[in-house]
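Undergrad: Chains as they are written, first to last, in numbering that gives the first Met the number 0: chain S, 0 to 204; chain A, 0 to 303.
Idealized CB from N, CA, C, for every residue including glycine.
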Amino acid sequence: MSDATLNDALKGEPPPPDRPGLGYAESRARITEGVRRYWAAERPARETARAAVSAAAAAQLGELTDREIMIAGAIAYWCEGAKSKPYRIDEQVRFMNSDPVLIRLFLAFLDRAGVSRQRLRYSVHIHESADVEAATRYWASVTGAASEQFIRPVIKHHTPRTSRSFRNAGYHGCLRVSVTKSSALYREISGWAQGVMAAKRRDPK
Amino acid sequence: MTARTTRESAQLRERAIALRRAGKSVRQIKQILGPVGNRALHDALRGEPPPEWTRRPNAKDDLRARARELRRQGLDYDEIVGQLGVAKSSVSLWVRDLPRPPGAASDECAKRASERMRRYWSAERPVRAARRAAASAAAAENVGDLTGREILIAGAVAYRCEGARNKPHRRVDRVTFANSDPKLISFFLLFLDTAGIPRSDLAFQLQIHETADVAAAIRFWLGVTAARPDQFRKVSLKQGNPRTTRKNTGNDYHGCLRVDVMRSCELYRKIEGWASAVTAGAEAPGRSGTVAWLLPKNCSRGRI
């Protein structure tokens with residue numbers, strides 16, 4: 000007889016009297032407690048093991064050459080930067096992201112490309128419900144820029160019933176980095192990115 | 000005082016105009032009619048020219064008459080100023096009620112100017128587009144082929160930008176990469192090859208608007224990825240808005256391709272490590288300044 004049939008047949012019957020030993024509720028509680036204890040010890044161990052994989056991969060890279068920085072920056076720009084379109088030819092270098100790691104990579108890339116930090120303009124894009132001043136301080140500390148390089152922030156409308164999961168304290172909005180007088184740089188970056196994407200793997204020696 | 004009715008106003012106008020035509024001045028008319036305000040009287044007399052004897056001479060009556068004569072002959076303001084030696088604003092005051100001479104019609108000038116502009120840009124636009132493309136192509140040529148290490152660096156950065164990432168509220172260590180740019184997808188596949196992932200571990204999904212040509216898009220992405228058709232999962236269709244303002248709706252629109260790597264938590268963690276190491280390595284103090292090898296040799300860096 001299958002469980003399902005038995006379940007149907009016994010519907011409405013009172014549960015059987017506890018057998019000698021642990022009762023049902025007691026054994027449930029002990030199982031829950033055992034699982035909790037297991038994961039309390041296991042979770043940090045697994046996090047460490049995961050982080051170790053990332054750290055080993057990071058250590059494998061070590062220092063980057065100029066060429067590698069330019070390749071990384073060009074690809075990052077192609078993914079996240081403003082691109083000229085056939086219907087809107089616009090060749091200003093503008094990079095916008097919420098990820099401080101990518102913003103820092105792009106700034107390091109501009110340093111290597113010989114772009115003076117004075118040519119950069121920053122603008123914070125953020126929801127009206129968030130703390131604009133705190134976000135500006137945060138991005139100033141990420142970029143190391145002076146406050147007068149921050150132009151007027153762009154404030155987004157807040158939807159009270161939003162399902163965005165970014166509403167917490169870790170939300171700093173996005174930062175947009177624009178480079179003045181940058182059409183020549185734009186053409187170079189787009190060329191490097193095209194070159195990287197079209198490249199073949201050089202035969203390992 | 001109560002306002003005049005329409006009938007009273009009409010009577011006032013009738014009597015005032017009769018007096019005007021009899022050669023009376025405004026002052027004389029007021030004396031004859033009795034109590035009437037300046038405004039009511041001027042309203043009543045509107046459109047009726049004053050009698051000749053009330054005119055007083057002005058300093059430049061002769062110049063004014065000549066200016067009007069010249070304007071009727073079709074001269075513009077600057078030409079009249081040149082002939083009479085008066086201020087342009089005076090000329091304007093004197094002749095602005097005359098019809099505009101046909102030759103100086105501004106819409107005609109504007110039309111000619113825009114036609115010149117159109118001709119200029121239809122020749123100039125392709126020239127500049129070619130120069131822009133040449134500048135990019137020269138930069139692209141300087142990149143050349145990549146070492147395995149360079150591919151890993153660029154691929155990890157691309158993943159950090161476009162790939163699915165772990166969030167505090169959603170813990171998933173899995174490699175998923177979606178993009179509409181076929182070149183970027185091809186490069187990501189090269190990255191996976193370099194990272195030692197067999198192509199058979201990949202699954203693809205087309206994400207596209209229902210209004211697009213789905214079958215053509217699948218053929219397109221099969222061509223880009225060189226994958227087997229059974230590696231493509233069920234298409235994810237987006238609802239089309241008939242009043243859309245999207246620009247990528249033409250024949251070049253192929254939707255997005257999502258690439259999933261099976262059993263990829265190990266690779267995901269490596270990618271995270273590589274990407275943060277790239278930023279750390281790029282920020283490490285090193286030579287700063289223009290990188291010589293990347294500058295295109297045969298194209299101008301200036302305005303195009």
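Determine the burial state of residue 20 (chain S): buried for a count of at least 16 other Cβ atoms within 10 Å of its Cβ, exposed for fewer.
TA: exposed
Undergrad: Check residue 230 (chain A) in the structure and name its three-state DSSP category.
TA: Assigned with DSSP and collapsed to three states, residue 230 (chain A) falls in helix.
Undergrad: I need the straight-line Cα distance from residue 200 (chain A) to residue 208 (chain A), nearest angstrom please.
TA: 27 Å
Undergrad: Quick check: what's the CA-CA separation for residue 142 (chain A) versus residue 261 (chain A)?
TA: Cα-Cα distance, rounded: 32 Å.
Undergrad: Which residues of the segment 194-212 of chain A have a Cβ closer than 9 Å to any Cβ of chain S? Give them in chain order.
TA: none
Undergrad: Might you give, ordered along the chain, the residues of its own chain that have their beta carbon closer than 6 Å to the beta carbon of residue 190 (chain A), omitting 5 neighbours on each side?
TA: 150, 154
Undergrad: List, in order along the chain, the chain S residues whose C-beta lies closer than 7 Å to that of residue 146 (chain A)?
TA: 201
Undergrad: Going by alpha carbons, who is nearest to residue 241 (chain A) out of A:152, A:210, A:33?
TA: For residue 241 (chain A), the nearest C-alpha among the options comes from A:210.
Undergrad: Quick check: what's the CA-CA separation for residue 52 (chain S) versus residue 187 (chain A)?
TA: Distance between the alpha carbons of residue 52 (chain S) and residue 187 (chain A): 21 Å.
Undergrad: Within this structure, are the beta carbons of residue 208 (chain S) and residue 119 (chain S) separated by less than 8 Å?
TA: Not covered by the structure: residue 208 (chain S). The range shown for chain S is 0 to 204.
Undergrad: Helix, strand or coil for residue 171 (chain S) per DSSP?
TA: coil
Undergrad: Using a Cβ-Cβ cut-off of 7 Å (strictly less than) and excluding sequence neighbours within five positions of residue 278 (chain A), which residues of its own chain qualify?
TA: none
Undergrad: Counting only beta-carbon atoms, is residue 142 (chain S) nearer than 8 Å to chain A?
TA: no
Undergrad: Mind pulling the chain A residues with CB within less than 8 Å of residue 100 (chain S)?
TA: Taking a Cβ-Cβ cut-off of 8 Å, the neighbours of residue 100 (chain S) in chain A comprise 159, 274, 275, 278, given in sequence order.
Undergrad: In angstroms, rounded to a whole number, what distance separates the CA positions of residue 99 (chain A) and residue 71 (chain A)?
TA: 9 Å
Undergrad: Compile a chain-ordered list of the residues in the segment 22-52 of chain S whose CB is closer than 7 Å to at least one CB of chain A.
TA: 49, 52
Undergrad: Less than 8 Å between the CB atoms is what I'm expecting for residue 113 (chain S) and residue 138 (chain A), so what's the real figure, rounded?
TA: Rounded, the Cβ-Cβ distance is 14 Å, inconsistent with contact.
Undergrad: Any C-beta of chain S within less than 7 Å: which residues of the segment 117-138 of chain A qualify?
TA: 131, 134, 135, 136, 137, 138
Undergrad: Consider the Cβ of residue 173 (chain A): report whether some Cβ of chain S lies at a distance smaller than 8 Å.
TA: no
Undergrad: Could you tell me the distance, in whole angstroms, from the CA atom of residue 113 (chain A) to the CA atom of residue 173 (chain A)?
TA: Their Cα atoms are separated by approximately 57 Å.
Undergrad: Could you work out which residues of chain C lie near residue 95 (chain S), taking near to mean beta carbons separated by less than 8 Å?
TA: Among the protein chains in the structure shown, which are S and A, there is no chain C.
Undergrad: Please list, in chain order, all residues of the same chain as residue 298 (chain A) whose beta carbon is under 6 Å from its beta carbon, the five residues on each side excluded.
TA: Annotation note: pLDDT 43 at residue 298 (chain A) (below 50); position unreliable, coordinate value reported separately. Result list for residue 298 (chain A): 133, 134, 137, in chain order.
Undergrad: With a threshold of 8 Å between beta-carbons, can residue 189 (chain S) be considered close to chain A, or not?
TA: Judged by the 8 Å Cβ criterion, residue 189 (chain S) is in contact with chain A.
Undergrad: Under a Cβ-count criterion, where at least 16 other Cβ atoms within 10 Å of its own Cβ denotes burial, should residue 30 (chain S) be classed as buried or exposed?
TA: exposed
Undergrad: What span of residues does the alpha helix (DSSP H) with residue 6 (chain S) cover, start to end?
TA: 2-8
Undergrad: Would you check if the distance between the CB atom of residue 177 (chain A) and the CB atom of residue 206 (chain A) is smaller than 8 Å?
TA: yes
Undergrad: So is residue 89 (chain A) in contact with chain S if we call contact Cβ pairs under 8 Å?
TA: no
Undergrad: Quick one, which of A:268, A:91, A:19 has its alpha-carbon nearest residue 171 (chain A)'s?
TA: A:268
Undergrad: Does the Cβ-Cβ distance between residue 97 (chain S) and residue 172 (chain S) come in under 8 Å?
TA: yes
Undergrad: Using DSSP's beta-bridge definition, name the partner residues of residue 121 (chain S).
TA: S:149, S:176
Undergrad: Kindly list the residues whose CB is nearer than 6 Å to the CB of residue 4 (chain A), restricted to its own chain and excluding five residues on each side of it in sequence; keep chain order.
TA: Cβ within range, chain order: n/a, list empty.
Undergrad: Taking 7 Å as the cut-off, is the C-beta of residue 274 (chain A) nearer than that to any heavy atom in the ligand SAM?
TA: Because no ligand of any kind appears in the structure shown, any question about the ligand SAM cannot be addressed here.
Undergrad: 8 Å is my cut-off, CB to CB: does residue 194 (chain S) come that close to chain A?
TA: yes
Undergrad: Quick one: what's got a C-beta closer than 6 Å to residue 43 (chain A)'s C-beta in the same chain, skipping five residues either side?
TA: 11, 12, 15
Undergrad: Does residue 108 (chain S) get closer than 8 Å to chain A when you measure Cβ to Cβ?
TA: Output row for residue 108 (chain S): interface = yes.
Undergrad: Is residue 196 (chain S) buried or exposed, if buried means 16 or more other CB atoms sit within 10 Å of its CB?
TA: buried
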